[in-house]
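Asks:
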Amino acid sequence: MALLKTRNLAIFMVAASLAACNSATNALFPSLGGSSSSSDGGLFNSGNGDGPPQLGSTYFEPDGVSPGQPTGTFVGQKVQAFRSELTALQETIRSQNAQLQALRNKTIQDSNAYHENVGSMRARLQVGTTPGNPILMNRWETAQGQLNTINQDVVLMDQLAQMISVNQSTTAYLLDSERAAYSVPGAVDEDHRQLRILEDETQQTVVLVDRLLNELASDIRRQTAYVANEKGNLGSLAGAVKNGQLFGTTGPDGYSAPGSYGAGAGGGMSYAPMTSTGTAMATRSAGLPSGAPLVVIRFDSPNVAYEGPLSNAVQAALARKPDASFDVVAVSGGSASGAARGAERVVRSLTQMGVPSNRVNLSAASSAGSDEVRVYVR
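Per mature numbering (1 follows the signal peptide of the UniProt record, and there is no 0): the sequence shown = residues -19 to -1, 1 to 359.
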């Protein structure tokens, strides 16, 4: 009974946490002003209205426990004790099922609110607006809080799953105890008849708890991946708000897309695999990371519009390898400070796109030619 009291207390605590859950305010992403603070999430394909994942919909309700009459034997007393414990376990399962349904509904509402907010932001950025539009900046901060709330919903799901796993172990132990009672001497036929009924009902409860836990674990996996994906999307959206439009689009009001850059500007960007044999040879002789760089950015003009192509390249790299890290190398052909400044800009851009700072390495090397920044995937 002490164990049951402990479980009930834990259930109450999670229920209280669920009732008190609100939007977290911790900063998960760098500010729209361009600071280089770290991010917890990776960069994935930009959100395009696909919506949150579908949660499970099963309602887990135990069938109840059949009544029984005392027989006056020791085994009969054990059967009564088993019946009381199974009844208490089923009440706990009903309570946990109610918590699960409430948590699912809350998660759906939170996700819908988040997607409605982000969708309206993307629609405005698609046609273009002023860089750093304060209205969109406020809405981005709201979206960040909404995503934090969804992440807290996942935390509550995990806490609930941990408590259900305790019931799973307890119910399995109860079933083993009931089966062991058949070998206890001094029982009458009625004892074994009631014991068989109780064993069947306990077995059904074991199956129910297993199904509940498996479905909840599936929800947690999907939601965890969804939140990680949206962290990256929101990080990319921060850069779009800063620039006044989505990467790769040009608004009708004349704001040029960050991803559009002209060769006539003097600076530019190239993608791997490198087609220049001379560049590949310089990479090997300089002792840079092996393999072709993901992108090469040449800062030989004052304004090199590299963020859009860089975002597309990084998204494609993470689509192939979600846990990829990036080496940003400042390759100086003349002025070391010029290449270093360019590399620092690229690092800031990567963190704004949602790449965690612990997955970005900055280094320097020298090579003949113009100053450039090379980004490698590892």
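The beta-carbon is built from N, C-alpha and C at its ideal position, and this holds for glycine as well.
Treat the numbers as computed from the prediction; the structure is a model and nothing was measured.
1. Starting from residue 139, trace the alpha helix (DSSP H) in both directions and tell me its first and last residue.
2. Output the boundary residues of the alpha helix (DSSP H) element that contains residue 217.
3. Within its chain, find whatever has a CB closer than 6 angstroms to the CB of residue 55; leave out the 5 residues flanking it on each side and keep chain order.
4. Checking the sheet assignment: what are the DSSP bridge partners for residue 342?
5. Are the beta-carbon atoms belonging to residue 205 and residue 99 less than 8 angstroms from one another?
6. Identify whether residue 92 lies in helix, strand or coil by the three-state DSSP scheme.
7. Give me the Cβ distance between residue 43 and residue 189, rounded to the nearest whole Å; I'm assuming they're in contact under 8 angstroms.
8. Is the CB-CB distance between residue 217 and residue 334 below 8 angstroms?
9. Quick one: any contact between the stretch 187 to 203 and the stretch 146 to 156, if contact means 3 or more CB pairs under 8 angstroms?
10. Check residue 165 in the structure and name its three-state DSSP category.
11. Buried or exposed: which applies to residue 274, given that a residue is buried once 16 or more other Cβ atoms fall within 10 Å of its Cβ?
12. Expressed to the nearest angstrom, what Euclidean distance is found between the alpha-carbon atoms of residue 82 and residue 276?
13. Which of helix, strand or coil does DSSP assign to residue 46?
14. Look up residue 336 in the DSSP assignment and say whether it is helix, strand or coil.
15. What is the rounded straight-line gap between the Cα of residue 290 and the Cα of residue 311?
16. Could you give the DSSP three-state label for residue 347: helix, strand or coil?
17. Take every Cβ of the stretch 70 to 84, pair it with every Cβ of the stretch 122 to 133, and state whether three or more of those distances are shorter than 8 angstroms.
18. Less than 6 angstroms between C-beta atoms, sequence neighbours within five positions excluded: which residues of the same chain meet that for residue 47?
19. What's the gap between the Cα of residue 171 and the Cα of residue 52?
20. Is the stretch 85 to 104 touching the stretch 56 to 70 in the sense that three or more CB pairs, one from each, lie closer than 8 angstroms?
21. List the whole-angstrom C-beta distance separating residue 39 from residue 196, where the pair is believed to meet the contact cut-off of C-beta under 8 angstroms.
22. Measuring straight from C-alpha to C-alpha, what distance separates residue 118 and residue 211?
23. Among 270, 149, 320 and 272, which has the Cα closest to the Cα of residue 279?
24. For residue 362, count the other beta carbons within 10 Å of its own beta carbon; 16 or more makes it buried, fewer makes it exposed. Which is it?
25. Run through the DSSP bridge pairs and tell me what residue 313 is partnered with.
26. So, residue 84 versus residue 144, is the Cβ gap smaller than 8 angstroms?
27. Roughly how many angstroms separate the alpha carbons of residue 288 and residue 355, rounded to a whole number?
28. Within 10 Å of its beta-carbon, does residue 161 have 16 or more other beta-carbons around it, so buried, or fewer, so exposed?
29. Once the 5 residues before and after residue 148 are set aside, which same chain residues still bring their CB inside 8 angstroms of it?
Replies: Answer, in terms of the structure:
1. Within the sequence shown, residue 139 is the residue found at index 158, counting from 1. Element bounds for residue 139: 115 to 161.
2. On the sequence shown, position 236 is the one that residue 217 refers to. Counting along the chain, the alpha helix (DSSP H) containing residue 217 begins and ends at 170 to 224.
3. Numbered from its first residue, the sequence shown carries residue 55 at position 74. Closer than 6 angstroms at the Cβ level, and outside the excluded window around residue 55, lie 167.
4. Position 361 of the sequence shown holds residue 342. In DSSP, residue 342 forms a bridge with 308.
5. Locating residue 205 in the sequence shown gives position 224, counting from the first residue. Locating residue 99 in the sequence shown gives position 118, counting from the first residue. Taking 8 angstroms as the Cβ cut-off, residue 205 and residue 99 do not qualify as a contacting pair.
6. Position 111 of the sequence shown, counted from the start, is the residue given in the question as residue 92. Three-state DSSP puts residue 92 in a helix.
7. The residue given as residue 43 occupies position 62 in the sequence shown. The residue given as residue 189 occupies position 208 in the sequence shown. The pair is a contact, with the Cβ atoms about 6 angstroms apart (cut-off 8 angstroms).
8. On the sequence shown, position 236 is the one that residue 217 refers to. On the sequence shown, position 353 is the one that residue 334 refers to. Yes, they are a contact pair.
9. yes
10. Counted from its first residue, the sequence shown places residue 165 at position 184. Reduced to three states, the DSSP call for residue 165 is coil.
11. Here the question's residue 274 lines up with position 293 in the sequence shown. Burial call: buried.
12. For the purposes of this step, residue 82 is taken as the residue at position 101 of the sequence shown. For the purposes of this step, residue 276 is taken as the residue at position 295 of the sequence shown. The alpha-carbon atoms of residue 82 and residue 276 are separated by roughly 47 angstroms.
13. The residue given as residue 46 occupies position 65 in the sequence shown. Coil at residue 46, not helix or strand.
14. Here the question's residue 336 lines up with position 355 in the sequence shown. DSSP places residue 336 in coil when its eight states are reduced to three.
15. Taking the first residue of the sequence shown as 1, we reach residue 290 at position 309. Taking the first residue of the sequence shown as 1, we reach residue 311 at position 330. So the alpha carbons of these two residues sit roughly 18 angstroms apart.
16. Taking the first residue of the sequence shown as position 1, residue 347 is located at position 366. Correct three-state label for residue 347: strand.
17. no
18. Taking the sequence shown and counting its residues from 1, one reaches residue 47 at position 66. Only 178 meet the Cβ criterion.
19. The residue labelled residue 171 in the question sits at position 190 within the sequence shown. The residue labelled residue 52 in the question sits at position 71 within the sequence shown. Taking the straight line from one Cα to the other gives about 7 angstroms.
20. no
21. By 1-based counting over the sequence shown, the position of residue 39 is 58. By 1-based counting over the sequence shown, the position of residue 196 is 215. Yes, residue 39 and residue 196 are in contact; Cβ-Cβ is about 6 angstroms, under 8 angstroms.
22. Here residue 118 refers to the residue found at position 137 of the sequence shown. Here residue 211 refers to the residue found at position 230 of the sequence shown. Approximately 17 angstroms between the Cα atoms of the pair.
23. Residue mapping note: residue 279 aligns to position 298 of the sequence shown, counting from 1. For the residues 270, 149, 320 and 272, the minimum Cα distance to residue 279 belongs to 320.
24. Outside the shown range of the chain (-19 to 359) lies residue 362, about which nothing can therefore be said.
25. What you label residue 313 is simply residue 332 of the sequence shown in a count that begins at 1. Partner(s): 347.
26. Position 103 of the sequence shown, counted from the start, is the residue given in the question as residue 84. Position 163 of the sequence shown, counted from the start, is the residue given in the question as residue 144. Against a cut-off of 8 angstroms, the Cβ pair of residue 144 and residue 84 comes out as no contact.
27. Your numbering for residue 288 matches position 307 in the sequence shown. Your numbering for residue 355 matches position 374 in the sequence shown. Roughly 14 angstroms separates the two Cα atoms.
28. Taking the sequence shown and counting its residues from 1, one reaches residue 161 at position 180. Per the 10 Å Cβ criterion, exposed.
29. By one-based count along the sequence shown, residue 148 stands at place 167. Excluding residues within five positions, the ones whose Cβ falls inside 8 angstroms are -13, 70, 73, 74, 77 and 190.
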